[in-house]
Amino acid sequence: MARKPLSRSGRFSGGPDPEVSAYSESVSYDRALAPHDLAGSIAHATMLAKSGLIPARDGARIVSGLRRLAREVKEGRFAWDPVLEDVHMNLEAALTRRVSAGARLHTARSRNDQVATGLRLWTRETCAGLGAAIAQLQAALVRLADRARLSRPSAGLPRGHLLPMPGYTHLQRAQPILAAHHVLAYVEMLERDRARFADCARRAGECPLGAGALAGTGLRIRRALTARLLGFRAPSANSMDAVSDRDFAAEFLFAAALTGVHLSRLAEDLILWSTVEFGFLALPESHTTGSSLMPQKRNPDVAELGRGKTGRLVGNLVALLTVLKGLPLAYNRDLQEDKEPLFDSARTLAATLSVFRGMLDGARFRPEACLRALADPSMLATELAEELVRRGTPFRAAHHAAGAAVRLAEERGVPLDRLSAADWRKAHPLFPSCAKTALDLRRALQRRDAVEGAPGPRQVEARLRVWRRRRAR
Ligand code: ARG
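Quick note: my numbering has the sequence shown finishing at residue 491, numbered continuously throughout.
This is the structure we're talking about:
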C-alpha cells in the first residue's frame, strides 16, 4: 500500500501520484530546517502541556522523543522519506511511530505556522553565522591594509609609511591615495552588511506559532509562552500575516546579494591589480590557478568565481520577490519556493567569505609598482589648483591655470614637475613660487589629515587602529 502523508489520512483514500510526490516534495532540501523544526515542536509541546491542552506526561514523552530525533538528525542517522513530503511531516511521523503521544503534538498547530517558525529560527541563526564570517573577512582586510607599508624610504616617505598608490575615477588615474584607505573602504562596506544581517535577524524575531493555518485556533494556547521559549521577542500580531509573511527571507536575500555585490567589487579590484598591466598586488599561489594551455599564466579564478557567484545571490533575491508578488493572503504552496534560494544564498555567501579570507591573508601589495604608477606628477595637478586657491585665486581660475600647466608639460613632452620657470609663469604668475611645494607627494597626503575621512596618513593610521581593536581576536 502506498504510504500517505499525515495530511491525507481520513479525507484521502490513497497516496498521491508518484510524479506529484516527486514534484512537490521538499524534504530533499528542507531537512536543513530539522533542528529548528524540532526546537519549535519542543516549545509547542511544552506550552500545550503547561496550558493543560495535553496531559503533562504526554508532553514529557513528546519532548524526550523529539530530543532523540534531534540527536539522530545531528548524527545523520535519520531516514528521510520523500513520500512524507517535507521535513515537518517526516519528523512528526517518526515521532508518532515511536511515541503514541506524538499524535497530540499537532494540536493547535498547522504546518503553515510551523514552517514559518522554523524558517525564522533558521534565518536568525544563519544571520548570526554570516555576521561572524563577515567580521572575520573584515579582520583579513584590516591585516592586508596594515601590511601595505613601505619597506624602505621611497618617494620622500619614510620606511614603514603607509603605501601610497593611485586612486581612480572612471578607471583613470585620479589622485594619490593610500592602499590601506582603499582596502578599509571595503571594511566599511562590510560593516553595513553586518548591520543589515543583524537587522534582518531582529525583524525575524516574532513568533508565528499559534497563527495556525491562518486563523489561529479555538483552543486556549499561550502564544507568549511559546515565543519566550524560542527566544522570540513576541508572538506575531496578525495570524494571516504570520503565515504568509516572508519579508524576513527577502531581507536576508537582499543582505546576501548586497554583500555579494561588495565582494564582487573587491574581486574586480584584486583581479585588476594582479594583472601585469597594474601589478599593484600579488595574489597567493594557493588561490590562483594555472592555464591548461599557456604555461606562463596565473589566473585569479577564486576572485573571478566570487564575482561570478554574485549572479546567483542577486538571482535568488529576484526569485523570491517574484514568488511573493501577487500572492493572495494567506498561505499558498508557492511559499515552499522560498527555501532553495535562501539555502543557496547562505551556502554561497558563507563559502565565498571563507575562501576570500584565505586569499586576502596571502595577498600582498607590491610597493614598487604602486610607486611607479604614482611617479607621474600630473596626478597632483589638483594640488596645484588648491595651492592657488590658498593664495586667493577663485577655484575655477585656479583649475584653468593648473590645466594649462598640464597642457604645456604635455606639449613639451616633460613631466609636470620639469616645466621651466617661464612656462610656469605662463600658466599662472604665482606658480613659479609655489608649484614645487604643491607637487610634493608627502605634503599632498599630509594635507588630507585635516579633512575627516580623507586619505591622510595620520587619519588612516587612526582608522586602522580602530579596526584593529574592533577585530582583534
Ligand atoms: N513544505 C511546506 C512549505 O514549505 C510546508 C507547508 C505546507 N502547508 C500546506 N498547507 N501544504 O511551505
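All residues carry an ideal CB built from backbone N, CA and C; glycine is no exception. Owing to the predicted nature of the structure, the values given are computational and were not obtained by experimental measurement.
Residue span of the beta strand (DSSP E) that contains residue i, given as start and end
i, result
"T187", "182 to 187"
Beta-carbon proximity check, residue i vs residue j, cutoff 8 Å
i, j, result
"A275", "L335", "yes"
"P182", "L159", "no"
"A61", "T235", "no"
"D76", "A229", "no"
"A119", "R79", "yes"
"D104", "V38", "no"
"P318", "L345", "no"
"P433", "P395", "yes"
"S254", "C218", "no"
"A423", "A445", "yes"
"C145", "F215", "yes"
"R481", "L202", "yes"
DSSP-derived helix/strand/coil call for residue i
i, result
"L345", "coil"
"A20", "Reliability fails at A20, whose pLDDT of 46 lies under 50, so the model's placement of it is uncertain and the value that follows must be treated cautiously. A20: coil per DSSP, three-state reduction."
"E224", "strand"
"V478", "helix"
"L175", "strand"
"L252", "Here residue 252 is Ala; the residue named in the question, Leu, does not match the sequence. Strand, per DSSP."
"T455", "helix"
"A300", "strand"
"T244", "helix"
"T307", "strand"
"N317", "strand"
"N350", "coil"
"M207", "helix"
"G326", "helix"
"L237", "coil"
"A462", "helix"
"V201", "helix"
"S169", "coil"
"G33", "coil"
"R489", "coil"
"L530", "In the structure displayed, the chain extends from 19 to 491; residue 530 sits before or after that span and is not available."
Terminal residues of the alpha helix (DSSP H) in which residue i lies
i, result
"L281", "265 to 291"
"R191", "Where R191 is concerned, there is no enclosing alpha helix (DSSP H), although the beta strand (DSSP E) it sits in stretches over 190 to 196."
"A361", "The residue asked about is misnamed: residue 361 is Phe in this sequence, not Ala. That run of the alpha helix (DSSP H) goes 357 to 380."
"V469", "Segment: none, V469 is in no alpha helix (DSSP H) and carries neither H nor E."
"A511", "Nothing about residue 511 can be read from this structure; the chain reaches only from 19 to 491."
"Q156", "129 to 165"
"E37", "36 to 42"
"S27", "From DSSP, S27 is part of no alpha helix (DSSP H); its letter is neither H nor E."
"A260", "257 to 262"
"V294", "Note, V294: premise wrong, no alpha helix (DSSP H); not H, not E."
Min CB distance residue i to chain B below 8 Å
i, result
"D217", "No chain B is part of this structure, which consists of one protein chain only."
Quiz item: Enumerated in chain order, which unbroken segments of the alpha helix (DSSP H) with a length of 4 residues or greater are wholly contained in the region 382 to 451?
Solution: 385 to 392, 399 to 408, 413 to 430, 439 to 445
Quiz item: Which ranges does the beta strand (DSSP E) cover as unbroken runs of at least 3 residues, wholly within the region 71 to 125, from first to last along the chain?
Solution: Counting whole runs of 3 or more residues, the region 71 to 125 contains no beta strand (DSSP E) stretch at all.
Quiz item: Is the number of C-beta pairs between the region 46 to 65 and the region 127 to 136 that are closer than 8 Å three or more?
Solution: yes
Quiz item: Hey, is the region 377 to 390 in contact with the region 357 to 366, meaning 3+ C-beta pairs nearer than 8 Å?
Solution: no
Quiz item: Is there contact here, the region 296 to 303 with the region 375 to 384, by at least three beta-carbon pairs under 8 Å?
Solution: yes
Practice problem: Indicate whether the contact test is met: 3 or more Cβ pairs, each with one atom in the region 168 to 175 and one in the region 144 to 151, closer than 8 Å. | Solution: no
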